[in-house]
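Numbering-wise (our numbering), the sequence shown opens with residue 62 and increments by one.
Read the structure below first, then the notes.
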Amino acid sequence: MALKQVSLVSTMVIGALARCGAELSPELKANYEIPTRTASIASADPIEVNTYIQVITNGSTIDDGYLTSEQLDKQKAVMNDVFADHSIQFNFLDTTYTENEDWAHGIMMQDMSIALRKGSYKDLNIFFLQSMGGQVTGQCSFPLNLTDFPDPGRMKSLDGCMVVSSTIPGGSHPTYNGGLTAVHEVGHWFGLIHVFTDTCGGNRDEVDDTPEQATATYGCPTGKDSCPEFPGVDSIHNYSEFISDGVTLSPKACLLMILEVDYSDDYCKTEFTPGQVSRMHNAWATYREPVDA
Numbered sequence: 062m063a064l065k066q067v068s069l070v071s072t073m074v075i076g077a078l079a080r081c082g083a084e085l086s087p088e089l090k091a092n093y094e095i096p097t098r099t100a101s102i103a104s105a106d107p108i109e110v111n112t113y114i115q116v117i118t119n120g121s122t123i124d125d126g127y128l129t130s131e132q133l134d135k136q137k138a139v140m141n142d143v144f145a146d147h148s149i150q151f152n153f154l155d156t157t158y159t160e161n162e163d164w165a166h167g168i169m170m171q172d173m174s175i176a177l178r179k180g181s182y183k184d185l186n187i188f189f190l191q192s193m194g195g196q197v198t199g200q201c202s203f204p205l206n207l208t209d210f211p212d213p214g215r216m217k218s219l220d221g222c223m224v225v226s227s228t229i230p231g232g233s234h235p236t237y238n239g240g241l242t243a244v245h246e247v248g249h250w251f252g253l254i255h256v257f258t259d260t261c262g263g264n265r266d267e268v269d270d271t272p273e274q275a276t277a278t279y280g281c282p283t284g285k286d287s288c289p290e291f292p293g294v295d296s297i298h299n300y301s302e303f304i305s306d307g308v309t310l311s312p313k314a315c316l317l318m319i320l321e322v323d324y325s326d327d328y329c330k331t332e333f334t335p336g337q338v339s340r341m342h343n344a345w346a347t348y349r350e351p352v353d354a
């Protein structure tokens, strides 16, 4: 099945919820559910991801979005510490610095990704930007079957995660400064969907061991339960529960990006569930590991 080429990135949402304008077609949804349906045979083999860091600045100071090697080392350590318990590690290959005022502010991100992305589809590129508009702190692409698209090379060149530089460990962001924004976004790169939606029921994140959750979380409210008619309480400690990330997209781009916004704090996030770990491993084995180009 060939899909019409879609745009990964459009106008950024300014401090509000970002949503898709249409439901996914059954064909697209069935394709993307492959990792969930094969969760029972998830590979236990460790995953090692070659990772490229791209720092996009508006100058040479911290206020311009510049990150030192020491700051980046702390971010790398957080990522490997979090994912190590789930047999996922990141092999950081190199760091590239690019000064571009538009790109540093989240403008023309497609052009940026096409120009700078390195490696194959199974290699992770993390772009640290000075800002992304409003309260948005990150966004990332889902794993896809590139052969479903008329221009697989272009789709690969648009693959990666964007993270606001002030969210690194010890950064200047008032609430997201523990380095977990990158963890959250990379979870999307491995196929994780936010654990909350705007309704109860339907297993919208396609993971069986995350309770139903209807609302985003602010702060760290122990015992929050937005779907009391369903078992369990809200997953306030889940890495896929928090973050201010989002974009406005064409309907068919819904598969490609995470679309809701959440605002709970870094200190509150401590876990992925076993079901989420299975989903990440299956998404890797299905969509990324087999692709060498």
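Note that beta-carbon positions come from the ideal geometry of N, C-alpha and C, so glycine has one too.
My output table needs one value for residue i: the three-state DSSP class, helix, strand or coil.
i, result
"Ile168", "coil"
"Pro96", "Low confidence applies to Pro96: its pLDDT is 48, below 50, so where it sits in the model is not reliable, and the reading given next is rough at best. It is helical."
"Ile254", "coil"
Tell me, please, which residues DSSP counts as bridged to residue i.
i, result
"Gln200", "Met223"
"Asp155", "Tyr113"
"Ile229", "None, per the DSSP bridge assignment."
"Gln132", "According to DSSP, Gln132 bridges with nothing at all."
"Glu160", "Thr118"
"Ile108", "Ile149"
Would you give the residue range spanned by the alpha helix (DSSP H) that residue i belongs to?
i, result
"Val247", "241 to 250"
"Ser218", "213 to 218"
"Arg340", "335 to 344"
Identify which residue in the options has its Cα closest to the Cα of residue i.
i, options, result
"Arg179", "Ser192, Ala165, Leu154, Gln191", "Note on residue identity: the sequence assigns Lys, not Arg, to residue 179. For Lys179, the nearest C-alpha among the options comes from Leu154."
"Leu185", "Phe210, Leu219, Gly214", "Leu219"
"Gly232", "Ala138, Met193, Gly284, Gln132", "Gln132"
"Asp269", "Gly284, Met140, Phe291, Val110", "Phe291"
"Gln136", "Thr122, Tyr113, Met170", "Tyr113"
"Ser174", "Gly195, Gln196, Gln115", "Gln115"
"Ala165", "Asp212, Phe189, Ser181, Asp286", "Phe189"
"Ala344", "His147, Ile149, Gly252", "Gly252"
For residue i and residue j, I'd like the C-alpha separation in whole angstroms.
i, j, result
"Tyr158", "Thr260", "42 angstroms"
"His342", "Phe203", "13 angstroms"
"Thr271", "Gly336", "8 angstroms"
"Pro96", "Met140", "Caution applies to Pro96, whose pLDDT of 48 falls short of 50 and renders its modelled position unreliable; the model cannot decide the point."
"Asp124", "Thr228", "13 angstroms"
"Ala314", "Glu160", "Any reading at Ala314 is ruled out, since the residue's pLDDT is 32, under 50, leaving its predicted position unreliable."
"Glu162", "Thr198", "17 angstroms"
"Asn238", "Asp134", "14 angstroms"
"Gln196", "Trp250", "21 angstroms"
Which residue marks the beginning of the beta strand (DSSP E) containing residue i, and which one marks its end?
i, result
"Asn186", "185 to 190"
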